[in-house]
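Visitor: Chains as they are written, first to last, in the UniProt record's numbering: chain Z, 1 to 327; chain E, 1 to 327; chain Y, 1 to 327; chain C, 1 to 327; chain P, 1 to 327; chain B, 1 to 327.
1. Based on DSSP bridge pairs, tell me the residues matched to residue 183 (chain C).
2. Can residue 116 (chain Y) and residue 175 (chain Y) be called in contact, C-beta distance under 8 Å?
3. Leaving out five residues on either side along the sequence, give the residues of the same chain with a beta carbon under 8 Å from the beta carbon of residue 228 (chain E).
4. At least one CB of chain Y closer than 8 Å to the CB of residue 143 (chain C): is that the case?
5. Pull up the distance between the alpha-carbon of residue 93 (chain Z) and that of residue 185 (chain Z), whole angstroms please.
6. For residue 221 (chain Y), which residues in chain B fall below 7 Å Cβ to Cβ?
7. Are the beta-carbon atoms belonging to residue 167 (chain Z) and residue 214 (chain Z) less than 8 Å from one another?
8. Should residue 309 (chain E) be flagged as near chain C, meaning a C-beta pair shorter than 8 Å?
9. Give me the residue from P:53, P:234, P:71 with the minimum Cα distance to residue 78 (chain P).
10. Can you list, in chain order, the stretches of the beta strand (DSSP E) that have 3 or more residues and sit fully within the region 44 to 115 of chain Z?
11. Quick one: what's got a C-beta closer than 7 Å to residue 325 (chain P)'s C-beta in the same chain, skipping five residues either side?
12. Would you mind sorting residue 151 (chain P) into buried or exposed? The rule is 16 or more other CB atoms within 10 Å of its CB.
13. I'd like to know whether the C-beta atoms of residue 106 (chain E) and residue 48 (chain Y) end up nearer to each other than 8 Å.
14. Can you find a CB in chain C that lies within less than 8 Å of the CB of residue 300 (chain E)?
15. If you reduce the DSSP assignment to three classes, tell me which class residue 267 (chain B) lands in.
16. Applying the criterion that 16 or more other CB atoms from any shown protein chain within 10 Å of the CB defines a buried residue, is residue 164 (chain E) buried or exposed?
17. With 16 as the cutoff for other CB atoms within 10 Å, does residue 99 (chain B) come out buried or exposed?
18. Spatial neighbours of residue 148 (chain B) within its chain, please: C-beta separation below 8 Å, excluding the five flanking residues on both sides.
19. Find the residues of chain C that neighbour residue 174 (chain B), judging by a C-beta separation of less than 7 Å, and give them in chain order.
20. Are any of the Cβ atoms in chain E nearer than 8 Å to that of residue 124 (chain Z)?
21. Starting from the Cα of residue 50 (chain C), find the closest Cα among C:43, C:60, C:42, C:306 and give me that residue.
22. Let's test the definition: count the other Cβ atoms within 10 Å of the Cβ of residue 13 (chain B) and tell me whether it reaches 16, buried, or not, exposed.
23. In or out: residue 15 (chain E) buried (at least 16 other Cβ within 10 Å) or exposed?
24. Nearest chain Z C-beta to residue 165 (chain E) closer than 8 Å, yes or no?
25. Can you round the beta-carbon distance between residue 218 (chain B) and residue 299 (chain B) to whole angstroms, since I take them to be within the 8 Å contact cut?
26. Indicate whether residue 188 (chain Y) and residue 202 (chain Y) have their beta-carbon atoms separated by less than 8 Å.
27. I'd like to check one pair, residue 139 (chain C) with residue 95 (chain C): are the Cβ atoms closer than 8 Å?
28. Using C-beta distances below 6 Å, list every residue in its chain close to residue 340 (chain C), excluding the 5 sequence neighbours before and after it, in chain order.
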């Protein structure tokens, strides 16, 4: 596999014209206000024992998301930790949900709390549009409801993700001044959206090989992965009227959220990523409004990015910014 | 590409054990009754001129489907034809909708009326679950709501398809005694479902390379196409608890509908079809309850089946059964 | 799949240097004169009934082509239409022939006559070089006889295509002042050739995603499809003496025919076309001599171009130019 | 890549029913008689110097083939060899010609004469049907003229190949009692045809991974290579009338030639060959009429067979049969 | 992707003939004795702080392996745990090493100690044959030294893996009566080898989708992954003398180790695994000598097996056998 | 397949910055001196008879290579030739060894002597690091020992290749003033290395589609072949510390050897080569220090380059430089 995009120098200078809709802020303010109006309690049930864990305490959480609907999450923290703990809110990649707590052991091992947020429809425990229990479907989210920003799937999911940050304040033992939002691929795009929509309420954002950025170019150059659902849509359904779809997507573009985000940011990118081509990541990074921003470049990585080498980079970066848990 | 399945001899004998759920008939009776309870009028608007057609009369139809929601369809017929005309109700392949009337010119040229039924969510004009106007999404339908027969996507779509047959009676100039249901791939699976659910109300069924048949084997052996969404679901979401998904699918399996269907049937199959492997088609065909059933075998065809060679076969077969329009 | 070529802006400016051979006009004048010298009658046999069609009248036509050899065609027109009708002469894509009349129902439904021209050797009914009846072969045409313009396969096929226009005058009920030549892929390349070779005898040309254009670049950048036969030839047979092959191809290049063509032209292109890369289409379009030329851009389309969305564009465009049939 | 066919045990027993047409022998007798009627001289020109060779003497040969047309060949022999020498007549793989003498140095180095026969149309120096000089085309031969045994391409090429054996008698210094016919892939199929058509005039035949055998199965199971041209033909052109094509091919099937061949035979096969699947090779081998037959099995080989390991096997095998040149 | 092998029923009965060499036990006894003769101390250095971990204590271990050479390992355990702890000795997949401790957090979180063993040559910290520091190479191990069991790469690596079990006794706080050996893919094959070579010294073995089993079939049917290196070797280097390679491999085959292993065993398999086809896993499982053996079947899984769903299965299975840590 | 790189014009100007390490010359002088210190005799055994050759005399040679270890080679020459003969020293492509003498018949047929040098580890007859007899392994050489120039695999292999030139002087009947070094792919990279390390001791160098050149770009843009082993190493093992690997490779880069080489040079390149992309070949060519350098461009060739058309080009080029054998 060859490099999938420009070289690093060109990427560093890549800053495509902004496409923020005029009513972008209004749209999101309205959307979030509406969601918050529904209120609803955050619930947590201790489930450590059933997963056989000893050093970690696990709660099965439900918090109110879009339309007040209950969104599932795992809360993990070091057993016996005296709070308040810094907390990493983690979002999940495309076509997957929160999975099992045993899949998320890094942050609690490092002394952090972690809230792992389910993705509606994509996971087992959070139906989209009250369609029944359980996992719902594989694929299709990328274009679901794309005719209008009002009905687009990611309006609902991104609202859930912001409400996850709201939920942190309701959970005991967490330090609401040290909320970090993070995730890889779709999770990275969602973290970026949350950073743009919550301003200084999050202390840091760490999007890894983020998806959901710079759709216009992503549709033109991505080689694999869920942007291809968009390409198929434009090929078979929109054909020569492609602007309406992009007009919807402008409300959900990481490049636009980046222009509203101010928290310290640690991005990562793989220069051989066929799914989220480097320029789409750099477009968000180079537009990022916060001054403290860092890009970890994995030069020969595909969409797996830095894999097991990435967590140490993130742990150091958070420590340098005073966000690590006390000893 | 090699043959994707058994040879023709083995296929002719292939008759897997039936997996009809005990409450299969009750489930569908309840579902259809519920849909019909909503009532609602069938509406048709003449749109011939805007498509520049001269020999064909085109109506843009809306009929009440699942939950009474309006389902789009095109009605095409030879201009100036004296009715009542035999009518071919056509269902569409996966991830597409009714498209434009200019894409459906065969049956009216041959003197039939044709009702081309949109697929909710998949096409531009029939939203699923009132999610807004326009086309909705690409992919994902195969597993949407699969946790239960109640919430499964195809419950709604198949109901629409049965209601299309109901709608024929409401449309002037059509002969309700000569309703043929037909389609290729997903359209073939839907036609088979309708044949199984409407009994002798349809005069013939013509499923070409039908999808939505014999899911258990399809998941094991298909090489490409939308059964792969099911495979991905079973791989990533269900893992070693795969029976619940198959239990849902039993309510929507062409092999089961075939056991309830009695109309004369003309199937087709491609022996190199990687999407709908031959045994899945033969499983439905060999279980078909009606005595008058024919299989057109295209020995070296892939999922395109007989392409342009298929219509003459269908035209002859219908004529032999007295279903052709009068001169 | 990513974009396969430049962006639209660069394509609009792409105008490679002309490579018309000095004796290009002389070569074709000589070739066509020779073919016409053979004379021969145009024959038509009414076959509507055997294809079960009601609104369309179909004739099975044989007209004299290269070397006076009989070339098969279908003539379709609205049943009972009072002529003279505008006529769309349609050429066929690579490795296929005229097929069945039921595959060509658009133009007659819209009130036009249509002449569907078989491709010698590629179809069932027109042998190349009197090799016997029936279909002859799959593939290989691209380089057959490439050593010299005299023996190159497309010399014979393009001559047939011009002679199809000649034949229109011999067929009753057609309006020789409203001849439109059209086709997709190879059919588009042939339509362009005919437009260049017949001057103002054709009233319009509509090449969709045309093949047979700008061979030098096509050989360098196409990813799939029959230009690969040329690449294989140059790789295995010509090796470092590639100029002679290109010198032959210059006599058959849509870019060169475009410089001789003056009829109003409606091209189409898919920006993700791996078979006929956009720049090869734009090279012909930007060199097109006629002033009334339009490009329909399907931004995310592959070689399928605009599919079912294209006919309405063509119907409108013809209507605007006064070429539509009278009501 | 996995094994492409049965295991060795099943292959050893694989003996499909014979499909020799009733008039097979009459067809070939007539065809060869007709060709020989044309007569014509064998011409040879010494060209050693221009290829810079020192130990080999090279002649550029033309001998009369089908229809008396001149077929090109290279004759190589050890410089200064006292004849008469045993001679290996070599046929070439699909879509290639005799190439250059420097590509054929094995047999002369081992003391044999070698006659390398060009394939009409496929090579640079032997046009098919007098279509002009030079190489002609890439691909398409597999189905060219397939409508009838009379017009099928391989009728002409196989006649050339038999006439090459006739030509040996006309060339000085060769031992007509020690003619070995050989080749790989298409060359192997041609060698087998010649063995079947010349009886005891050839002293041995060595078909490596032979093509042109057992078309019915080859079309069903081959994964790659020129049998795919046949599959495409059957898919797109013949559709459900596939028997006529197979009826033509029966006249050109290595399985049928094998039943007429008696010379000692050394076959080879690769058990992972995706182009010429093992059972198609074994079908010919197991039907081979001569008693002295050997199969070299290369268990993990693809269509490259034994590559550089094969010549020593052949040299030994010939030596054991007294066919090696004297010291 | 379709099922890559037999159905589950046939797999349950699949028990290929044993190919254990006569001197198998002698070979391994000699090899291990020789390695142990070198002696050497086990060293451990506390490195928890530099990886930023809080709930886990990490030691960087070096223990003496083949030829007494130092082999790297990570030892992880719950911070502050009172020993002695049950310990899971983990081996790594092909072309990777022990990586970072942050990649191995499951077992310590569940209260176990874990020893993660580097693979010589494949990882960063354990050179093979003292070739210098650092990672050494990617690929090639499968056939390195395959000419003889003495020189084969896996002789050295498997010896290291047995010596890792020896090392457990030297490390404080571990319970030598509760040693579990485990791993996925190559790691599973190594765990099986260790189980066969250490008898009742290990309390359980958990091979997931194990590699290094039943080479004769693996070479014939695997579709992807490192068995292809063996296929390439047999294709290009051994050709028709393939038995010597298999004779070497018999000393390193999981099917043979299984016949010597008695510890309770928990295997897993994916029925769509293209890398380690199901029958190769079942061959070892069905030959497994211990009576307490369980197969976890993931019916639609590829080589990723049960992924995140597998650990809970393993945790329960160990708990049921009294191997879980005390609360 | 499209062009894999720049057009010819840009390639002609492509001259990347030099990356020769400061101690490059010292490193190689030390390495070669060390190897020569070991001394050792060149041995040759006559084996002509066992390969059944008549016009060629073959010796099985062992000469001392790196660490004085015996390296296998074939020496072929025209039987009965009066020396001293010009000699072509040939190196072999990746993952293969010297094979059999019957695979190397060109140069002796043209009157030259040829020394075919085995590649340690890659062939059957030259173990790397005294690991036992026979072939050793497939793949992995590209990164073996890459941590340091001292331990890198190619340090040993390139030393063998230089020592092959030393060995020529020890073999009777060869003309040490007419030594040509040559090879394709890896063999071309090795020939270039030897040309750079032996200065005017070689009379000419002929690298065809050379591998082992310009690693930094090769890793970024190659699409297939052994540079992918480097990419995998950088992706999975080095991640964001990729400079150390490139620092090692600088000692083994054809671009750097080219700057030290002065013999007349005949390169070749395929503009569609996915394995050794054109710019990597031109980088060496454009940096080549000798003034007499020629590039044979095969415009549509993949990694097979000019195949059978290349030898005549090389024979002419050598003749023009007075390096051909006397008549």
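The beta carbon of each residue, even a glycine, is placed where N, CA and C say it ideally should be.
Guide: Result, derived from the coordinates:
1. Note: residue 183 (chain C) sits in a beta bridge opposite C:91, C:207.
2. Contact flag unset, no.
3. Taken in chain order, the residues that qualify are 222.
4. Yes, its Cβ sits closer than 8 Å to a Cβ of chain Y.
5. Looking at the two C-alpha atoms, the distance is approximately 5 Å.
6. Simply 2, 3.
7. Residue 214 (chain Z) is positioned such that its CB atom lies no closer than 8 Å to that of residue 167 (chain Z).
8. Taking Cβ atoms only, chain C reaches closer than 8 Å to residue 309 (chain E), which makes this a yes.
9. Minimum Cα distance to residue 78 (chain P) is reached at P:53.
10. 56 to 64, 70 to 78, 85 to 91, all fully within the region 44 to 115 of chain Z.
11. Once the five neighbours on either side are set aside, the close Cβ partners of residue 325 (chain P) are 85, 86, 111, 112.
12. Looking at its Cβ environment, which holds 16 or more other Cβ atoms inside 10 Å, residue 151 (chain P) is buried.
13. Taking 8 Å as the Cβ cut-off, residue 106 (chain E) and residue 48 (chain Y) do not qualify as a contacting pair.
14. Yes - at least one Cβ of chain C is within 8 Å of the one on residue 300 (chain E).
15. The three-state secondary structure of residue 267 (chain B), taken from DSSP, is strand.
16. Around the beta carbon of residue 164 (chain E), 16 or more other beta carbons sit within 10 angstroms, so the residue counts as buried.
17. By the 10 Å Cβ count, residue 99 (chain B) comes out buried.
18. Hits under 8 Å: 248.
19. The premise fails here: residue 174 (chain B) is roughly 16 Å from chain C at the closest Cβ pair, so nothing lies under 7 Å.
20. Closer than 8 Å to some Cβ of chain E, the Cβ of residue 124 (chain Z) qualifies, so yes.
21. The shortest Cα separation from residue 50 (chain C) among C:43, C:60, C:42, C:306 belongs to C:60.
22. So residue 13 (chain B) counts as exposed.
23. When all chains shown are included, residue 15 (chain E) counts as exposed.
24. Look at residue 165 (chain E): its C-beta is not under 8 Å from any C-beta on chain Z.
25. At roughly 21 Å, the Cβ-Cβ gap does not stay under 8 Å, so residue 218 (chain B) and residue 299 (chain B) are not in contact.
26. Not a contact, by the Cβ cut-off of 8 Å.
27. Contact flag set, yes.
28. Because chain C in this structure spans residues 1 to 327, residue 340 (chain C) falls outside the shown range and cannot be described.
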